[in-house]
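Under the working numbering, the first residue of the sequence shown carries the number 6, and numbering increases by one thereafter. Report on the following structure.
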Amino acid sequence: MKDQTTVTAGGAIFPRLKALGVDYVFANSGTDFPPIIEGLAQAAAEGIDLPQALVMPHEHAAMGMAHGYTLMTGKAQAVMLHTNVGLANGAIGAINAACEHIPMILMSGRTPVTEAGRFGARTVPIGWGQEMRDQAALVREASKWEYELKFPEQVPGLLDRAHAIASSTPKGPVYLSIPREVLCEPVPTEGLDVAPSMAASEAAPNPEALATLARWLAEAEAPLIIAQRGAGDAESFAAFADWAEDWGIAVCSWWATHLAIATDHPCHVGADPGPWLAQADVVLILDCLAPWMPDAHAPRPEAKIANMGPDPIFSRFPVRNFRSDLSITGENARTIPALIAAMEDLPKGDHVAPRRARLAETTARARKAQSEAAQPQGELLTKPAVSRILGEALDAQEAPSTVFSELGTMLGPLPRRAHRSWFQEPHSGGLGWSFPAALGAQLAEPDRLCVATLGDGSYMFANPVACHQIAEALALPILIVILNNAEWGAVRASVTGLYPEGAAGRANVMPLTGLAPSPDFCKVAEASNAWARAVETQGELRPALDSALAVIREERRCALLNVRIAG
C-alpha cells in the first residue's frame, strides 16, 4: 500500500482478497470490525483498488447474494459477519452453499479473548456475552475447511489456502474466524498484492471409466440421463443438448436446481423419472443429490447405473444409498465434453434413429398437455398458470433472463432454454434464498433480467425489508413474483402425501400450515421505492407483468407482484 509499510491485519484482508480475484465482500459489521474499517478507510484515502465492500443489513441476505453472484460468474466471493451471532444468522446460507457446491470465503470476527491490557481487548458487555468455546461449530458441517487466525502475519497465507480449498473440486464454502486482537496488530504491506501462493485443484475424470460409460450408452436400448445441477458452462450446456439429440437419449430434470437442457428440447422428458426409469437399461445420474424417490421409483435390477459429477457419490452426506456401478468424478464442464468425445467414434446402432423420433413425438405431446393443464381455475390462478404466463412475458423481452424459483414458479410450465436461465432453491431447503440470490445475480450481470419467484412464506424468510433496502441502495432492479396462497404449501403437500386419507387433509384448516392473514407485501416493497401491485385474477397477471418489466427496463427500479393463487 502506498506510503505505508504496515497496515492492520484487518486492513490486510481486502488487498489479499483482491489479489485472489474476489470482486465483492458482502459484510454485516459489528464491534469486531474497527481494524477492518480503518484499513478500508486508509485504502480509500490512498486510492488503492480493493474488492467492493457492500453493507448488508442482514446476514442471510449477504450469504444469498454471494451465492447468486457465484452462480452467474463461477467466482468465489467473500462474506464477513459479526462474531457468533452474525455467523449464526449466516449458517443457513452456508448450508445452502455447501449443498450446491458454491465456493465462498466466509469470515466472522471472534469476540476479544482478553479482558484488558491488550489493544483490541473487550470494551463492551457483548465481549463476554458473545464468546463461545467452539464458534466454528456453527458452520463446521457446512464448511470444507475452517480455521482461526492466530497471528497477523498469517492473513495472506490463510486466505490463499481458504480460496484454493473453496474453489477445488468439489467446490464449497470455507470458514475463517478472525479475532479482534489479532486484526488490530500490524502486518507488512509488502507482498499483499502478489499472485496467489496456492492454486485450486480440479479433479479429472478417469479415462477408462469414461470409455466404459460411453460404451454402455452407445449400446443401450433405452438410455436415460437424470440431471439436477446443470450441464456445466455455456459451451458444455450447448454440446450436451446436441449430443443428447444426436444419440436420442432421454433427459429428465427431476427437482432440477440448475437447467441442464432446454425444457422444449426433443429429448427432455420432463420432471418425472418414473416411467423412463422403469424401462431404462442404462442410467446416467448427472450431478444429482437424489435422482429419484426410492419409495416411488426404482430402476430395473439389471440396469447399469453410473453417477457422474464433482462428487458423484456425495460423500459428505451421511446417507445416500443410490446404486453406482460406475462413479466418475469431475466438474460438469469437463466430464460432459470428455464423455461426448469418448462416444464420437462409437457406431450408432439402427435403433438410435427410431428412438430419437419416438422421443421427439412423446415429448411434444407431453409439452402440449402440460401447457393445456397450466390454465387458471376460473379466475383464480395456479402455480402452473403463473409459470406459463411469466414465461410468455419473459419470452417477449429482449434481455436475457434468469429465474430464481423458491417454491414458486415451476420448470416445464415455465419454459426455460438458455444456460443459467433457471435456478431452483437448494435441496438443503434453507428458505429465503431466491430473493437475495437474484440480487447477487443482478449485481453480477446488470443487463440481465433477474426474477425471484417464491411463496409467501419464503418471501418472509428472506427478510424482505433488508432485501428491499439492498435493492434500492445498490440499484438492483429485479422482479419479485410472490405466489401467495397464505399457507405453507410445501408442508400441506407433505402431509397429504404421507396421509392421503388422513384427518389433516379432511380438516377445514390443516394444523400448523396457515399464514393468514397475509400481510400487505406491496407496502413492504414500496417502503424502499419499489413498484408493487397486487394481482387477484388471471386477467390481471400479464398486464401487471408487462408493467413491472417496463419499470425495471425504463426506470431501473425493483418491481414486485403479490399474486394470489389457489392452494
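Just so you know, even glycine gets a beta-carbon here, dropped at the ideal spot from N, CA and C.
message = Can you find the residues in the same chain that come closer than 7 Å, C-beta to C-beta, to Pro431, ignoring five residues on each side of it along the sequence?
response = Position 426 of the sequence shown, counted from the first residue, corresponds to residue 431. Asn101, Cys104, Glu105, Thr262 and Trp438.
message = Here's the rule: buried if 16 or more other CB atoms are within 10 angstroms of the residue's CB, otherwise exposed. What is Arg363?
response = Along the sequence shown, read from residue 1 onward, the residue named residue 363 stands at position 358. Arg363 is exposed by the Cβ-count criterion.
request  = Inspect the CB distances between the segment 239–249 and the segment 385–396 and report whether three or more fall short of 8 Å.
outcome  = With a cut-off of 8 Å, the segment 385–396 and the segment 239–249 do not count as touching, because too few Cβ pairs lie within range.
ask   = Does DSSP put Cys257 in a helix, in a strand, or in coil?
value = In the sequence shown, the residue the question calls residue 257 occupies position 252. Strand.
ask   = Taking only beta-carbon atoms, is His270 less than 9 Å away from chain B?
value = Considering every chain present, this structure includes no chain B. It has just one protein chain.
query = DSSP three-state call for Ile345: helix, strand or coil?
reply = Here residue 345 refers to the residue found at position 340 of the sequence shown. If DSSP states are grouped into helix, strand and coil, Ile345 belongs with the helices.
Extent of the continuous alpha helix (DSSP H) to which Arg185 belongs = The residue you call residue 185 lines up with position 180 of the sequence shown. Here the alpha helix (DSSP H) through Arg185 covers Arg185 to Cys189.
query = Residue range of the alpha helix (DSSP H) that His168 falls in?
reply = Counting from one through the sequence shown, the residue named residue 168 turns up at place 163. It spans Val160 to Ala171 - the alpha helix (DSSP H) in which His168 sits, taken as one unbroken run.
key: Beta carbon of Tyr180 nearer than 9 Å to that of Leu111   = On the sequence shown, residue 180 is found 175 positions in, with the first residue counted as 1. On the sequence shown, residue 111 is found 106 positions in, with the first residue counted as 1. Yes, the pair counts as a contact, with Cβ atoms nearer than the cut-off.
task = Please look up how many angstroms separate the CB atoms of Gly314 and Asp292, rounded, as I've assumed it's under 8 Å.
result = For the purposes of this step, residue 314 is taken as residue 309 along the sequence shown, with counting starting at 1. For the purposes of this step, residue 292 is taken as residue 287 along the sequence shown, with counting starting at 1. At roughly 3 Å, the Cβ-Cβ gap stays under 8 Å, so Gly314 and Asp292 are in contact.
query = How far does the beta strand (DSSP E) with Val30 in it reach, from first residue to last?
reply = Here residue 30 refers to the residue found at position 25 of the sequence shown. Run containing Val30: Tyr29 to Ala32, per the beta strand (DSSP E) assignment.
request  = Excluding the 5 residues preceding and the 5 following Lys7 in the sequence, name in chain order all residues of the same chain whose CB lies nearer than 6 Å to its CB.
outcome  = Residue 7 sits at position 2 when you count from the first residue of the sequence shown. Here the model assigns Lys7 a pLDDT of 42, short of 50, so the residue's position is not dependable, and the following value carries that caveat. Counting only Cβ-Cβ distances below 6 Å, and skipping sequence neighbours, we find Glu51.
key: Spatial neighbours of Val192 in its chain, beta-carbon cut-off 8 Å, leaving aside the 5 residues before and after   = Mapped onto the sequence shown, residue 192 falls at position 187. Cβ within range, chain order: Thr11, Val12, Thr13, Ala14, Ala17, Pro157, Glu158 and Val160.
query = Could you give the C-beta distance for Gly2 and Asn33, rounded to a whole number, given that I count them as a contact under 8 Å?
reply = Residue 2 is absent from the model: the chain starts at 6 and stops at 572.
inquiry  = Could you tell me which whole alpha helix (DSSP H) segments of length 4 or greater appear in the segment 473–558?
reply    = The segment 473–558 contains these whole alpha helix (DSSP H) runs: 494–503, 508–511 and 526–531.
request  = Might you give, ordered along the chain, the residues of its own chain that have their beta carbon closer than 7 Å to the beta carbon of Met515, omitting 5 neighbours on each side?
outcome  = For the purposes of this step, residue 515 is taken as residue 510 along the sequence shown, with counting starting at 1. In chain order, Arg497, Val500 and Ala509 place their CB closer than 7 Å to the CB of Met515, counting only its own chain and leaving out the 5 sequence neighbours on each side.
query = Mind pulling the beta strand (DSSP E) runs of 3 or more residues that sit fully within the segment 115–154?
reply = 151–153
ask   = Which of the three DSSP states, helix, strand or coil, is assigned to Ser463?
value = Counted from its first residue, the sequence shown places residue 463 at position 458. In the three-state DSSP reduction, Ser463 falls in the helix class (H, G or I).
query = In three-state terms, what does DSSP make of Gly396?
reply = Translated into positions along the sequence shown, residue 396 becomes position 391. Residue state, collapsed to three classes: helix.
inquiry  = Quick check: Gln284 and Ser258, are their CB atoms within less than 9 Å of each other?
reply    = Numbered from 1 along the sequence shown, position 279 holds the residue referred to as residue 284. Numbered from 1 along the sequence shown, position 253 holds the residue referred to as residue 258. No, Cβ-Cβ distance for Gln284 and Ser258 is not below 9 Å.
query = Alpha carbon to alpha carbon, what distance is there between Ile107 and His168?
reply = Taking the sequence shown and counting its residues from 1, one reaches residue 168 at position 163. Taking the sequence shown and counting its residues from 1, one reaches residue 107 at position 102. Rounded to the nearest angstrom, the two C-alpha atoms are 12 Å apart.
query = DSSP three-state call for Trp297: helix, strand or coil?
reply = Along the sequence shown, read from residue 1 onward, the residue named residue 297 stands at position 292. Trp297 falls in the coil class under three-state DSSP.
ask   = Three-state secondary structure (DSSP) at Lys7?
value = Numbered from its first residue, the sequence shown carries residue 7 at position 2. The pLDDT assigned to Lys7 is 42, lower than 50, so where the model puts this residue is not dependable, and the model offers no usable value.
task = Give the DSSP-derived three-state secondary structure of Cys455 in the structure shown.
result = Within the sequence shown, residue 455 is the residue found at index 450, counting from 1. Secondary structure of Cys455 (DSSP, three-state): strand.
Sequence-distant residues of the same chain with beta carbon closer than 7 Å to Val118, five excluded per side = Sequence index remark: in the sequence shown, residue 118 carries index 113 (1-based). Same-chain partners within the cutoff: Pro184 and Glu186.
task = May I have the straight-line CA-CA distance separating Asp37 from Ala99, to the nearest angstrom?
result = Position 32 of the sequence shown, counted from the first residue, corresponds to residue 37. Position 94 of the sequence shown, counted from the first residue, corresponds to residue 99. C-alpha separation (whole angstroms): 21 Å.
key: Contact set for Ala311: own chain, Cβ-Cβ below 6 Å, skip 5 residues either direction   = Position 306 of the sequence shown, counting from 1, holds the residue named residue 311. Correct list, in chain order: Leu218, Leu289 and Leu331.
Unbroken beta strand (DSSP E) run spanning Lys353, endpoints = Taking the first residue of the sequence shown as position 1, residue 353 is located at position 348. It is not in any beta strand (DSSP E) - Lys353 carries neither H nor E in the DSSP assignment.
ask   = Shortest alpha-carbon distance to His63 belongs to which of Lys388, His473 and Glu541?
value = As a working note, residue 63 is residue 58 in the sequence shown. Ranking Lys388, His473 and Glu541 by Cα distance to His63 puts His473 first.
ask   = Tell me the DSSP bridge mates of Leu566?
value = Against the sequence shown, residue 566 aligns to sequence position 561. As a beta-bridge residue in DSSP terms, Leu566 pairs with Val486 and Arg538.
Beta bridge counterpart(s) of Gly275 as assigned by DSSP = In the sequence shown, residue 275 corresponds to position 270, counting from 1. Beta-bridge pairing links Gly275 to Cys257.
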